[in-house]
Amino acid sequence: MSKVIICANQKGGVAKTTTTVNLGIGLAREGKKVLVIDNDPQGSLTEALGYQEPDSLEITLAQIMDWVLNEEPFDITAGILHHEEGIDLMPANIELSGVETSLVGIMSSETVLKEYIDMLGNKYDYIIVDCSPNLGQLTLNALVAADEIIIPVQAAYLPIKGLEQLLKTISRVKRKMNPKLHIMGILLTMVDYRTNYANEITEVLYQVYGSSIHIFENVIPMSVRAAETPAEGVSIYKHDAKGKVAIAYEELTKEVISHE
Ligand code: ADP
Ligand code: MG
122 MSKVIICANQ
132 KGGVAKTTTT
142 VNLGIGLARE
152 GKKVLVIDND
162 PQGSLTEALG
172 YQEPDSLEIT
182 LAQIMDWVLN
192 EEPFDITAGI
202 LHHEEGIDLM
212 PANIELSGVE
222 TSLVGIMSSE
232 TVLKEYIDML
242 GNKYDYIIVD
252 CSPNLGQLTL
262 NALVAADEII
272 IPVQAAYLPI
282 KGLEQLLKTI
292 SRVKRKMNPK
302 LHIMGILLTM
312 VDYRTNYANE
322 ITEVLYQVYG
332 SSIHIFENVI
342 PMSVRAAETP
352 AEGVSIYKHD
362 AKGKVAIAYE
372 ELTKEVISHE
């Protein structure tokens with residue numbers, strides 16, 4: 122079976138999408154078969170991989186979830202796009218927010234994404250799911266489908282309050298719906314250690330969570346080069362191969378592989 126890793130944090134702008142792109146492509150560069158799933162109606166992952174108009178795509182995750190929900194048979198490769206850097210993408214667009222609304226109150230609505238991923242069987246070594254910035258039905262579906270969670274945290278705000286809420290949700294899903302769910306780690310992103318707060322936040326995170334949750338020692342530095350990649354539809358390895366962000370995501374990739 123594929124290993125399912127989700128990038129989740131209900132806070133926006135913490136590099137969930139950026140991490141999905143560069144971990145996904147990082148794993149492909151190590152010879153792994155990878156599918157990334159855009160589980161956000163904003164379609165940022167879809168855009169970041171070069172599909173600048175997600176709303177014009179016909180088959181997206183919304184359609185797939187609708188088929189699964191209604192038990193309609195479909196071709197398992199339907200909707201999957203291929204990116205030049207060696208990964209597959211299940212795209213999303215605004216239609217996914219309609220699906221999210223329709224899931225409320227439906228029986229077993231939290232297992233739809235898992236059912237789809239199960240259907241893919243062992244087609245992929247890794248499936249990476251980019252979550253939306255909330256703890257709604259779509260994120261719940263990702264938590265139920267996941268083996269591992271990476272929690273990107275931007276080292277610019279004290280994130281403790283939001284993290285508490287996320288950790289509570291994770292532990293509830295683990296108890297009630299997905300006992301194998303495991304937090305791979307908290308990933309510090311957009312780190313600029315020239316600022317005092319980056320150091321302070323890192324210290325607080327280690328104090329509060331260091332004994333219970335893995336915190337990746339390898340952090341993702343702040344760099345304008347990283348912010349430019351979505352517009353070009355490529356990874357940091359292509360945009361700034363020798364830069365510090367590329368090196369950091371390569372390290373993260375190695376750590377994820379060593380986790381096997
Ligand atoms: P999220 O998916 O959590 O909302 P994104 O991955 O979209 O976060 O990142 C938020 C913004 O920060 C984007 O504009 C992105 O290009 C930028 N960004 C991501 N990583 C870095 C980095 N290491 N350095 C500078 N900017 C970054
Ligand atoms: Mg995002």
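Positions in the sequence shown are counted from 1; adding 121 to them yields my numbering.
C-beta atoms are modelled at their ideal positions from N, C-alpha and C, and glycine is treated no differently.
Everything numeric in this text was worked out from a predicted model, so none of it was measured.
Exercise for review: May I have the straight-line CA-CA distance separating A213 from A266, to the nearest angstrom?
Suggested key: Position 92 of the sequence shown holds residue 213. Position 145 of the sequence shown holds residue 266. Cα to Cα, the separation comes out at about 17 Å.
Practice item. Give every residue of the same chain whose Cβ lies closer than 6 Å to the Cβ of E321, excluding the five residues on either side of it in the sequence, and list them in chain order. Key: Numbered from its first residue, the sequence shown carries residue 321 at position 200. None.
Review point. For the putative contact between G205 and P351, defined by C-beta atoms under 8 Å, what is the C-beta separation to the nearest angstrom?
Key: Here residue 205 corresponds to residue number 84 of the sequence shown, with the count starting at 1. Here residue 351 corresponds to residue number 230 of the sequence shown, with the count starting at 1. Reading the sequence as shown, one finds Glu at residue 205 and not Gly. That belief does not hold up - the Cβ atoms of E205 and P351 are roughly 15 Å apart, past 8 Å.
Check your understanding: Relative to the alpha-carbon of M186, which residue among S165, Q163, E236 and V142 has its alpha-carbon at the smallest distance?
Key -> As a working note, residue 186 is residue 65 in the sequence shown. Cα-wise, what sits closest to M186 is E236.
Practice item. Please determine, among M240, L234 and A362, the residue with the shortest C-alpha to C-alpha distance to D251. Key: Residue numbering aside, residue 251 sits at position 130 when the sequence shown is read from its first letter. Selected option, being the one with the closest Cα: L234.
Check your understanding: Listed in chain order, which residues are found with a beta carbon closer than 5 Å to a heavy atom of ligand 2?
Key -> K137, T138 and S165
Review point. So does T310 have its beta carbon nearer than 7 Å to some heavy atom of ligand 1?
Key: Locating residue 310 in the sequence shown gives position 189, counting from the first residue. At least one heavy atom of ligand 1 is nearer than 7 Å to the Cβ of T310, so yes.
Review point. Is the beta carbon of I341 sitting closer than 8 Å to the one on Y327?
Key: In the sequence shown, residue 341 corresponds to position 220, counting from 1. In the sequence shown, residue 327 corresponds to position 206, counting from 1. No, the pair does not count as a contact, with Cβ atoms beyond the cut-off.
Check your understanding: Which value, in whole angstroms, describes the spacing of the CA atoms of Q184 and L170?
Key -> On the sequence shown, position 63 is the one that residue 184 refers to. On the sequence shown, position 49 is the one that residue 170 refers to. Straight-line Cα distance between these residues: approximately 20 Å.
Check your understanding: Over what stretch of residues does the alpha helix (DSSP H) that includes H360 continue unbroken?
Key -> Taking the sequence shown and counting its residues from 1, the one referred to as residue 360 is at position 239. Looking at the DSSP string, the run of the alpha helix (DSSP H) that includes H360 is I357 to H360.
Practice item. Would you decide whether V225 is buried or exposed? Buried here means 16 or more other CB atoms lie within 10 Å of its CB. Key: Taking the first residue of the sequence shown as 1, we reach residue 225 at position 104. Exposed, because fewer than 16 other Cβ atoms sit within 10 Å of the Cβ of V225.
Practice item. Could you tell me which residues DSSP puts in a beta bridge with G306? Key: Taking the sequence shown and counting its residues from 1, the one referred to as residue 306 is at position 185. For G306, which the question treats as bridged, DSSP gives the partners I271.
Practice item. Look at the Cβ atom of I208, then the Cβ atom of V155, and state whether they are nearer than 8 Å. Key: The residue you call residue 208 lines up with position 87 of the sequence shown. The residue you call residue 155 lines up with position 34 of the sequence shown. Cβ atoms of I208 and V155: closer than 8 Å.
Review point. Can you tell which of S379, H360, T232 and G257 has the C-alpha that lies nearest to the C-alpha of V142?
Key: The residue you call residue 142 lines up with position 21 of the sequence shown. Ranking S379, H360, T232 and G257 by CA distance to the CA of V142 puts H360 first.
Check your understanding: Looking only at its own chain, which residues have a Cβ that is under 6 Å from the Cβ of E381, when we skip the five neighbours before and after it?
Key -> By 1-based counting over the sequence shown, the position of residue 381 is 260. Nothing meets the Cβ criterion.
Exercise for review: Please name the residue, chosen from M305, E324, G306 and I307, that lies closest to Y314 on a Cα-to-Cα basis.
Suggested key: Along the sequence shown, read from residue 1 onward, the residue named residue 314 stands at position 193. It is E324 whose Cα lies nearest to the Cα of Y314.
Review point. Looking at I341 and ligand 1, is the gap between the Cβ and the nearest heavy atom below 7 Å?
Key: For the purposes of this step, residue 341 is taken as the residue at position 220 of the sequence shown. Here the distance from the Cβ of I341 to the nearest heavy atom of ligand 1 is below 7 Å.
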